[in-house]
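Student: Residue numbers (the numbering used here), protein chains in the order written: chain W, 150 to 304; chain A, 150 to 304. Where a beta carbon is used, it is the ideal one built from N, C-alpha and C, also for glycine.
2 protein chains.
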Amino acid sequence: MPTLGLLIDHPPDEIPLSHLNLVECPPVAVLTTVMPDGYPQTSVVWCDFDGECVRVNTMRGFGKERNMRRNPLVTLLSYDPRGPLRYLEIRGTVIEMTEKGAAEHLDRLASKYAGRPICFFGDAIPARFVETETPILCRIRPTHVTAIHEGEETE
Amino acid sequence: MPTLGLLIDHPPDEIPLSHLNLVECPPVAVLTTVMPDGYPQTSVVWCDFDGECVRVNTMRGFGKERNMRRNPLVTLLSYDPRGPLRYLEIRGTVIEMTEKGAAEHLDRLASKYAGRPICFFGDAIPARFVETETPILCRIRPTHVTAIHEGEETE
Numbered sequence: 150m151p152t153l154g155l156l157i158d159h160p161p162d163e164i165p166l167s168h169l170n171l172v173e174c175p176p177v178a179v180l181t182t183v184m185p186d187g188y189p190q191t192s193v194v195w196c197d198f199d200g201e202c203v204r205v206n207t208m209r210g211f212g213k214e215r216n217m218r219r220n221p222l223v224t225l226l227s228y229d230p231r232g233p234l235r236y237l238e239i240r241g242t243v244i245e246m247t248e249k250g251a252a253e254h255l256d257r258l259a260s261k262y263a264g265r266p267i268c269f270f271g272d273a274i275p276a277r278f279v280e281t282e283t284p285i286l287c288r289i290r291p292t293h294v295t296a297i298h299e300g301e302e303t304e
Numbered sequence: 150m151p152t153l154g155l156l157i158d159h160p161p162d163e164i165p166l167s168h169l170n171l172v173e174c175p176p177v178a179v180l181t182t183v184m185p186d187g188y189p190q191t192s193v194v195w196c197d198f199d200g201e202c203v204r205v206n207t208m209r210g211f212g213k214e215r216n217m218r219r220n221p222l223v224t225l226l227s228y229d230p231r232g233p234l235r236y237l238e239i240r241g242t243v244i245e246m247t248e249k250g251a252a253e254h255l256d257r258l259a260s261k262y263a264g265r266p267i268c269f270f271g272d273a274i275p276a277r278f279v280e281t282e283t284p285i286l287c288r289i290r291p292t293h294v295t296a297i298h299e300g301e302e303t304e
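#1: When you compare the CB positions of W/MET184 and W/CYS287, do they come within less than 8 Å of one another, or not?
#2: So, with DSSP's three-state summary, where would you put A/MET184?
#3: Per DSSP, what are the beta-bridge partners of W/PHE198 in this structure?
#4: From W/GLU304 to A/ILE164, what distance separates their C-alpha atoms?
#5: Is the distance from the Cβ of W/ILE267 to the Cβ of W/ASP256 below 8 Å?
#6: Look at the alpha carbon of W/LEU222 and the alpha carbon of W/THR281, and state the distance between them as a whole number of angstroms.
#7: With DSSP as the reference, please indicate the residues paired to A/THR247 in a beta bridge.
#8: Tell me where the beta strand (DSSP E) around W/LEU234 begins and ends.
#9: By Cβ distance below 7 Å, which residues in the same chain neighbour A/ILE274 in space, the five residues on each side in sequence not counted?
#10: Excluding the 5 residues preceding and the 5 following A/LEU171 in the sequence, name in chain order all residues of the same chain whose CB lies nearer than 6 Å to its CB.
#11: Quick one, which of W/PRO230, W/THR283 and W/THR224 has its alpha-carbon nearest W/GLU248's?
#12: Looking at A/PRO189 and the ligand MN, is the gap between the Cβ and the nearest heavy atom below 7 Å?
#13: Since W/THR234 and A/VAL193 are thought to touch, with beta carbons under 8 Å apart, how far apart are those beta carbons, to the nearest angstrom?
#14: Compute the distance between the beta-carbons of W/CYS202 and W/ARG265, then report whether it is under 8 Å.
#15: Here's the rule I'm using: 16 or more other beta-carbon atoms within 10 Å means buried, otherwise exposed. How should A/PRO161 be labelled?
#16: Give me, in chain order, the residues of the same chain whose beta-carbon lies closer than 8 Å to that of A/CYS174; leave out the 5 immediate sequence neighbours on both sides.
#17: For W/ASN206, tell me which candidate among W/LEU258, W/HIS168, W/GLY187 and W/GLY232 has the shortest Cα-Cα distance.
#18: For A/THR181, I'd like the list of residues in its chain whose CB is within less than 7 Å of its CB, leaving aside the five on either flank, ordered along the chain.
#19: If we cut at 8 Å on Cβ distances, does A/SER260 have a partner in chain W?
#20: Residues bridged to W/PRO189 by DSSP?
#21: Determine which residues of the region 184-197 of chain A have a Cβ less than 9 Å from any Cβ of chain W, and write them out in chain order.
#22: For a contact defined as C-beta to C-beta under 7 Å, what are the partners of W/GLU238 on chain A?
#23: In angstroms, rounded to a whole number, what distance separates the CA positions of A/MET129 and W/PRO176?
#24: Restricting to Cα atoms, I'd like to know which of A/ASP186, A/VAL179, A/GLY200 and A/ARG215 is closest to A/HIS166.
#25: I'd like to know whether the C-beta of A/PRO230 is nearer than 8 Å to at least one C-beta of chain W.
#26: Which residues in chain W sit within 8 Å of A/PRO165, going by Cβ to Cβ distance?
#27: Just the Cα atoms here: how many angstroms apart are W/ASN220 and A/THR292?
#28: For A/ILE297, does the count of other Cβ atoms within 10 angstroms reach 16, so buried, or fall short, so exposed?
#29: Determine, using beta carbons only, whether W/VAL179 and A/VAL179 come nearer to each other than 8 Å.
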């Protein structure tokens, strides 16, 4: 893809306003952690932004959870499905992984993405799920942000 | 995202037929390489599949090109925009990076994704572009493939 979208000029550790919606409510984002054997490991995630950190949710024992505990260097990418040359890459460091508030955060993400209230861990509890999974809220502090704006086609 | 799509059972180094279209003509895919400082680096790419390897195209000197020459362990993820819980993650090793056929490959990818003939490096040459960029065709041999099928919602 040589289209060479335009780089947005901004402080390297800040998400420019023009691209904030790509972590606030994208369809999904893509999180990459690093495996013990050195391979990157990528999966589809929901995310949001608390003003300082991008937040994702995972479950205790999942591959990415174990990877982040061992190696906090991660990357999150989110592209605009209407024009995927507009995208945001956030390299960052996981500064917190906690059970505290994680279930509520997951409910909020789920509801936001579904566009209707969803309660995984609140009142309407799917018991088997709650018994077997422990959500973990992960906060990623951006260290290097690349914001690409759809540029001229090089054709 | 605790929805826990269903894992497709298949040989670990093969792309299941059910998910082949996610490397044959997805809207885009997402390629992750590893930076010298250990951070994953992710960007949006076009790709295709030659029956053995996933192929992507980059330019000499681009970050991901330098990363792949130093460290051939990469991951490509492609999700279905109609339902992003259907996705394919391919961890693999870059076994070839070559200029040979790279321009033609790039033209094919561009035409495929645009749905009409596009010629970056053929007859209709945008001279400035051709003078300044050297396309590199990269072949990634899958070593660990994860295919996720949209599963039951856990709500």
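Tutor: Looking at the atomic coordinates:
#1: no
#2: coil
#3: W/VAL203
#4: Unreliable positioning characterises W/GLU304 in this predicted model, as indicated by a pLDDT of 30, which lies under 50. The coordinate reading is nonetheless provided below. Cα to Cα, W/GLU304 sits roughly 32 Å from A/ILE164.
#5: yes
#6: 28 Å
#7: A/LEU286
#8: First-last for W/LEU234: undefined, no H or E at that position.
#9: Residue placement at A/ILE274 cannot be trusted, given a pLDDT of 48 that sits under 50; what the coordinates show is reported in the next sentence. Same-chain partners within the cutoff: there are none.
#10: SER227 and LEU237
#11: W/THR283
#12: Absence of the ligand MN from the depicted structure is noted, as is the absence of any ligand whatsoever, leaving it without description.
#13: The identity of residue 234 of chain W in the sequence shown is Leu, whereas the question assumes Thr. Right, their Cβ atoms sit about 7 Å apart.
#14: no
#15: exposed
#16: ASP197, LYS261 and TYR262
#17: W/LEU258
#18: PRO189, GLN190, THR191, VAL223 and THR224
#19: no
#20: W/VAL183
#21: MET184, ASP186, GLY187, TYR188, PRO189, GLN190, THR191, SER192, VAL193, VAL194 and TRP195
#22: THR191 and SER192
#23: Here chain A comprises residues numbered 150 to 304, so residue 129 of chain A is not present and cannot be evaluated.
#24: Residue identity differs from the one stated: residue 166 of chain A is Leu in this sequence, not His. Closest by alpha carbon: A/GLY200.
#25: yes
#26: Here the premise fails: no neighbours, minimum Cβ distance about 17 Å.
#27: 22 Å
#28: buried
#29: yes
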